[in-house]
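Q: Dropping the structure in here first, questions after.
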Amino acid sequence: MNGAESLVHTLLKSGVDTCFSNPGTSEMHFVAALDRVPGMHCVLGLFEGVVTGAADGYARAAGKPAATLLHCGPGLGNGLANLHNARRASTPIVNIVGDQATYHRPFDPPLTADTEGWARGVSGWVRTASDVASVGADAAAAVQAAQIAPGQVATLILPSDTSWNHGGVVAEPLPRVPTPLAAPNQIDEAAAILRRGGEGVVLLIGHAGLTQEGQALAHRIAAATGCRVMADAGGTVPRGQGRLMMDRVPYVVDVAVAAMAGTKHLILCAAKKPVTFFAYPGKPQTSIPESAQVHVLARREQDPIEALTRLAETLHAPPAAAVDNGPKSEVGRGPVTPESFGMTVGALIPEGAIVVDESITYGRSLGAFTKAAAPHDWMNVLGGAIGGGMPMATGAAVGAPGRRVINLQADGSAMYTVQSLWTQARERLDVTTVILSNRKYQILLGELANVGANPGRTAMDMLDLGNPDLDWPKIANGMGVEAASTNSTDGFADLLASSLNRKGPFLIELLI
Ligand SMILES: Cc1ncc(C[n+]2csc(CCOP(=O)(O)OP(=O)(O)O)c2C)c(N)n1
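This note's numbering puts the first residue of the sequence shown at 36, with every later residue one more than the last.
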């Protein structure tokens, strides 16, 4: 058995059975091993940003990590932005990077780079395999590391001779590292604040705390104390009817400051004190009033569900009535607006769907219109690096077969990783992509004003995607995905509804 075969056997034994890949010469033995060792589902991405973003979406949908396969430092480099997004989402990924043979690297061939160094910025765990006999053990360690709470990117770099040499040894899976619990004083401090009454108290929940169980516990605590519950970043958030609608801290600084005014106590549960996306001249860096006190119920690496359970018990919070988010929205009418778009999406989301939201500016009111939709899961791109949406939708569809994925996708961000469509076509994935086609970088027009810059002709050109217009149906068709364009609310509703009833991918360009 060679090293590559021991790697594939060990990944499968450890529960990793999907590999998003874009290989090169140094990974040829891994690729060959995939034919000799059955059981690994291999998905080709035509750019490494697709591979890494798909691994993020997959793990969020499947609840377990996928492997990637990337080629040397530059292949990793192409995938870094979406690995950054995955790091921010605490998504577990077993990130495998093939590299120069150990004895060839000293000669500095062209693709030689600081692979470990590039990996370190996005990974919680990095190892370069040094010997064929330990590649299996390295793989088992990588799978274990990826799943350490709250989840992280574990990068295993494989010099090609460790793949092709004989003497590979399959390793047994390593046990899950137990998730630490919050200390008693963390629970007591939060309980003491909430016992005095919930007015001015914000319970901010993030990441693993945003599951349905976490939401139910937060609902119970809020019902008993009157505190406000809000959502920090979360990888996959259950939403829709029956699920607790949790507002997020808004993006626009002034709106965020207004939304958080009156906060006296901020209780963090797997969340961070909110910070604005950027600094703006003369504006605050956080939306939380300076006088507010911050308390930590659970740190990111501690178990937030267990902490919320203990908090609810300490407060003797009685079971709360089921969440009722009101009536489901109707399909939108009239001109295409954020409201008519939101209503249509809220009316048509099918039960069990996964919505991948990279709608940037046009989707800001989606929350209100989808809160009473059929129960579904919502995924956001969490690291602020645009180009995560389409790959994540692709990976989510691989990770949750049978569930429709709806990718609400701003056009500028779509162009970063548009090759995702080809993978969707090749794998016949049930993804509906809705391109919100405003033909500009709308958000940056607002940012120009926010930073106090004075736009001239060149600046405006840098934010304009017209001239030439992107032809979305042709782009999609060219990669094997059927598509249609519409500029009306009725047309959008018809296309969305029919796309949800078909198999395979479909793209709708909504001219907004
Ligand atoms: C990797 C990366 N490159 C560049 C940016 C800067 N950036 C932020 S938003 C944006 C444009 C977004 O435009 P679009 O996706 O069309 O959404 P819209 O603002 O029009 O709603 C850019 C270029 C970024 N956040 N991440």
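We treat Cβ as the ideally placed atom computed from N, Cα and C, and that holds for glycine.
Note that this is a predicted model, so its numbers are computed, not measured.
(1) With distance defined between alpha-carbon atoms, name the residue in Glu325, Ala305 and Pro309 nearest to Ala342.
(2) Roughly how many angstroms separate the alpha carbons of Trp153 and Asn120, rounded to a whole number?
(3) Within this structure, are the beta carbons of Val167 and Asn113 separated by less than 8 Å?
(4) For Thr521, list the residues DSSP reports as bridge partners.
(5) Out of Glu374, Asp359 and Pro194, point me to the one whose CA is closest to Val366's CA.
(6) Work out the CA separation of Glu517 and Ala431 for me, nearest whole Å.
(7) Rounded to the nearest angstrom, what separates Leu443 and Phe142 at their Cα positions?
(8) Look up Val167 in the DSSP assignment and say whether it is helix, strand or coil.
(9) Using 10 angstroms around the beta-carbon of Met497, count the other beta-carbons present and answer buried if the total reaches 16, otherwise exposed.
(10) Using the C-alpha atoms, what's the distance from Leu332 back to Met425?
(11) May I ask you to verify whether the segment 268-284 touches the segment 398-416, counting CB pairs closer than 8 Å and requiring at least 3?
(12) What residue does the beta strand (DSSP E) around Asn442 start on, and which one ends it?
(13) Is any heavy atom in ligand 1 found nearer than 7 Å to the beta carbon of Leu505?
(14) Take the Cβ of Lys538 as the centre, count every other Cβ of all protein chains shown within 10 Å, and call the residue buried at 16 or more, exposed below.
(15) State the DSSP-derived secondary structure class of Pro373, mapped to helix, strand or coil.
(16) List in chain order the residues whose CB is within less than 6 Å of at least one heavy atom of ligand 1.
(17) If you reduce the DSSP assignment to three classes, tell me which class Ser472 lands in.
(18) Can His106 and Pro58 be called in contact, C-beta distance under 8 Å?
(19) Where does Gln250 land, buried or exposed, given buried means 16+ other C-beta within 10 angstroms?
(20) Give me the residue from Ile228, Lys99 and Leu546 with the minimum Cα distance to Asp506.
(21) When the distance is taken between beta carbons, is Phe65 closer than 8 Å to Val86?
(22) Work out the CA separation of Gly369 and Ala382 for me, nearest whole Å.
(23) Beta strand (DSSP E) containing Asn130: first to last residue?
(24) Cα-Cα, which of Asn512, Asp267 and Ala327 is closest to Ile240?
(25) On the DSSP bridge assignment, give the partners of His411 in chain order.
(26) Applying the 10 Å Cβ sphere with the 16-neighbour rule, what's the burial state of Phe541?
(27) Helix, strand or coil: which one does DSSP assign to Val516?
(28) How many whole angstroms separate the CB atoms of Pro385 and Leu535, which I take to be in contact at a CB cut-off of 8 Å?
(29) Beta-carbon within less than 6 Å of Gly244's beta-carbon, same chain only, minus the 5 sequence neighbours each way: which residues are those?
(30) Straight-line CA distance for Ile478 to Ile395?
(31) Whole angstroms are fine: how far does the CA of Ala181 sit from the CA of Arg123?
(32) Counting only runs that start and end within the segment 257-331, where is the alpha helix (DSSP H) found for 4 or more residues in a row?
(33) Going by Cα to Cα distance, which pick from Gly297, Gln187 and Phe312 is closest to Ser326?
(34) Could you check how far apart the C-beta atoms of Ile228 and Ala347 are, in whole angstroms? I think they sit under 8 Å.
(35) Name, in chain order, the residues that DSSP records as bridge partners for Trp160.
A: Judging by the given coordinates:
(1) A check of alpha carbon separations from Ala342 across Glu325, Ala305 and Pro309 identifies Ala305 as the nearest.
(2) In this structure, the alpha-carbon of Trp153 lies about 15 Å from that of Asn120.
(3) No, Cβ-Cβ distance for Val167 and Asn113 is not below 8 Å.
(4) DSSP lists Leu545 as the beta-bridge partner residues of Thr521.
(5) Considering only alpha carbons, the answer is Glu374.
(6) Ala431 and Glu517 have their C-alpha atoms roughly 20 Å apart.
(7) Taking the straight line from one Cα to the other gives about 47 Å.
(8) Helix.
(9) Exposed: under 16 other Cβ atoms inside 10 Å.
(10) Taking C-alpha positions only, Met425 is separated from Leu332 by approximately 35 Å.
(11) Because the criterion of three Cβ pairs below 8 Å is met, the segment 268-284 and the segment 398-416 touch.
(12) Where Asn442 is concerned, the enclosing beta strand (DSSP E) starts and stops at Val440 to Ala445.
(13) In this structure, ligand 1 has no non-hydrogen atom nearer than 7 Å to the beta-carbon of Leu505.
(14) By the Cβ neighbour-count rule, Lys538 is exposed, with fewer than 16 other Cβ atoms within 10 Å of its own.
(15) In the three-state DSSP reduction, Pro373 falls in the helix class (H, G or I).
(16) The set of residues with a C-beta under 6 Å from any non-hydrogen atom of ligand 1 comprises Ala116, Ile395, Thr396, Tyr397, Gly419, Ala420, Ile421, Gly422, Ala445, Asp446, Gly447, Ser448, Asn473, Lys475, Tyr476, Gln477, Ile478 and Leu479, given in chain order.
(17) In the structure shown, Ser472 sits in a strand (DSSP, three-state: E or B).
(18) Yes; because the gap between Cβ atoms is below 8 Å, this pair is in contact.
(19) Around the beta carbon of Gln250, a 10 Å sphere encloses 16 or more other beta carbons of the protein chains shown; the residue is thus reported as buried.
(20) Comparing Cα positions, the closest option is Leu546.
(21) For Val86 and Phe65, no; Cβs fall outside 8 Å.
(22) About 15 Å.
(23) Following the DSSP letters along the chain, one finds Asn130 inside the beta strand (DSSP E) bounded by residues Ile128 to Asp134.
(24) Minimum Cα distance to Ile240 is reached at Asp267.
(25) Beta-bridge partners assigned by DSSP to His411: Arg274.
(26) So Phe541 ends up on the buried side.
(27) Coil.
(28) Their Cβ separation, rounded to whole angstroms, is 6 Å, which keeps Pro385 and Leu535 in contact under 8 Å.
(29) Answer for Gly244: Cys304, Ala305 and Pro339, listed in chain order.
(30) Their Cα atoms are separated by approximately 7 Å.
(31) Each residue's Cα considered, the two are about 14 Å apart.
(32) Whole alpha helix (DSSP H) segments, 4+ residues: 288-295.
(33) When the alpha-carbon of Ser326 is set against those of Gly297, Gln187 and Phe312, the nearest one is in Gly297.
(34) Between Ala347 and Ile228 the Cβ distance is about 14 Å, and since that is not below 8 Å, they are no contact.
(35) BP columns for Trp160 point to Ala189.
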